[in-house]
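Each remark here refers to the structure printed beneath this line.
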Amino acid sequence: MHLVLLTAWTVLWFAVVEPHGGFSWHYLRTGGELIYQGSSGDGTGGLNLYAHHPELQMGPVSFLTAGLFNPFPEATGQFLAAALMSALGLVILVLAGRSAAHHFLGTGTNHQRLRQRVLIAGLAFIPMWIEVAVRFGHLDDVLALFFTALAVRAVTRGNAALTGAFLALAMDSKPTALAFVPLLLALPRHQWLRAGLWCAGLVAAAWLPFFLGDAQTFAAAKFAIPNHPASALRWLGIDDPETPGWDRPAQFALGLLLGGIAVWRGRWAAVVLLGANARIVLDPSVYTYYTASVLLGTLLWDVIGQRRLVPWWSWLALLVLYGSVFAVPDDSARGLIRLAFVAVSTAYVLLWPVRERGDRGGRRGRRRPPARTDEGPAVEAGARPEPPATPWAGPPAAR
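Numbered by my numbering, the letters in the sequence shown go through residues 24 to 422 in order.
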């Protein structure tokens with residue numbers, strides 16, 4: 024039932040936003056046309072794409088995917104892409120719920136309460152997902168967050184190859200997903216090398232052809248955007264009119280550092296939130312679709328990182344970051360609000376005491392055998408269920 028309600032909620036938001044959506048879809052459509060040109064056309068497409076169009080800051084996987092909609096009329100292609108991206112938001116909610124269920128196997132978690140957490144957090148997540156997917160049409164952000172959710176699912180299953188591959192695809196969709204790489208460290212230590220090789224190999228396979236094909240591709244990394252008065256950068260004393268040269272590397276470094284600390288503290292479910300925080304606190308722009316990555320981070324934290332029934336971080340992020348855009352007219356005040364949210368949420372997920380998952384402490388990345396895996400009679404969170412009399416006892420769903 025929670026998925027039925029979330030689907031209806033998504034359809035409602037899609038119907039409201041879609042007639043006025045697709046604000047940035049033309050970037051994806053243009054990139055999708057250029058990347059398939061190869062040596063044809065005027066020579067600015069194919070592997071020369073980023074050298075001649077540094078404003079196209081999306082990854083090659085995003086352009087390859089966007090090009091699949093080019094055979095359709097522009098309006099039809101945009102509508103189909105928006106519908107697909109909206110559906111991926113629902114898939115992410117399913118992935119988050121199943122990742123949490125797998126993570127908490129054997130701890131007596133009440134599955135009904137878990138579904139309720141996904142529902143309540145999902146009601147906050149969907150409006151921001153529609154913002155990035157439909158209103159702006161940013162396929163690159165959508166794919167990066169979708170592949171990151173798949174990587175989280177792979178982490179909970181202990182699959183090193185898939186974790187590395189999905190994180191690579193996220194970066195191949197949008198480079199800002201580099202901040203989520205600390206998820207690799209949530210795997211058992213002996214799997215780090217394998218996961219890292221898969222990740223590095225697929226990133227190189229996607230990006231190296233462009234750098235080798237045209238040395239001017241490096242210019243795309245220096246593309247600058249205006250420093251908006253409502254950015255948190257202004258409150259940090261950075262008054263440069265455009266993106267400072269150190270800003271992008273600092274975003275990545277901060278995201279990787281915070282994510283690494285989160286894993287070291289046993290709070291790997293906060294990696295996405297911390298990576299998104301690093302972006303919004305140091306980014307010179309304040310587009311509302313940036314908040315979608317924060318909402319994915321709060322969703323994962325609310326359903327995996329803690330066991331409260333009410334996922335209040337998801338709603339707090341929605342109201343503070345998105346609500347302030349409409350309720351607070353002053354640019355400087357909005358910048359202070361963004362900075363305050365980053366500071367408070369980062370301090371909370373890293374320092375606030377949270378209930379650990381069963382006896383997981385000290386054995387990060389390992390799972391003890393589940394006491395039962397069915398979703399039958401609910402067991403209150405924290406209670407110790409009675410083990411079956413024999414290893415094969417229990418309902419068919421548990422075999």
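Backbone N, C-alpha and C define an ideal beta-carbon position, used for all residues, glycine too.
- Counting along the chain, H134 sits inside the alpha helix (DSSP H) bounded by residues H134 to I153.
- For the pair V226 and G219, the Cα-to-Cα distance works out to about 11 Å.
- Per the DSSP secondary-structure output, E265 pairs in a beta bridge with P249.
- The three-state secondary structure of P198, taken from DSSP, is helix.
- Annotation for T266: A247, I248 and P307 place their beta carbon closer than 6 Å to its own, counting only its chain and skipping 5 residues before and after.
- Here H161 carries a coil assignment [DSSP, helix/strand/coil].
- Spanning the alpha carbons of F234 and G69 requires a straight line of approximately 12 Å.
- Where Q274 is concerned, the enclosing alpha helix (DSSP H) starts and stops at D270 to W287.
- The distance from the Cβ of Q274 to that of R302 is about 6 Å, consistent with a contact at the 8 Å cut-off.
- Taken atom to atom, the span from the alpha-carbon of V333 to that of F148 is near 14 Å.
- Non-local beta-carbon contacts of Y73 in its own chain, meaning distances under 6 Å to residues more than five positions away in sequence, involve F233, T240 and A243 in chain order.
- The residue from W291, A191, A167 and G45 with its alpha-carbon nearest to that of V178 is W291.
- With 16 or more other Cβ atoms inside 10 Å of its own Cβ, R52 counts as buried.
- DSSP places L70 outside any alpha helix (DSSP H), giving it a letter other than H or E.
- Judged by pairs of C-beta atoms under 8 Å, the segment 169–183 does not touch the segment 351–366, as fewer than three such pairs exist.
- Per DSSP, the unbroken alpha helix (DSSP H) holding H125 starts and ends at E97 to H126.
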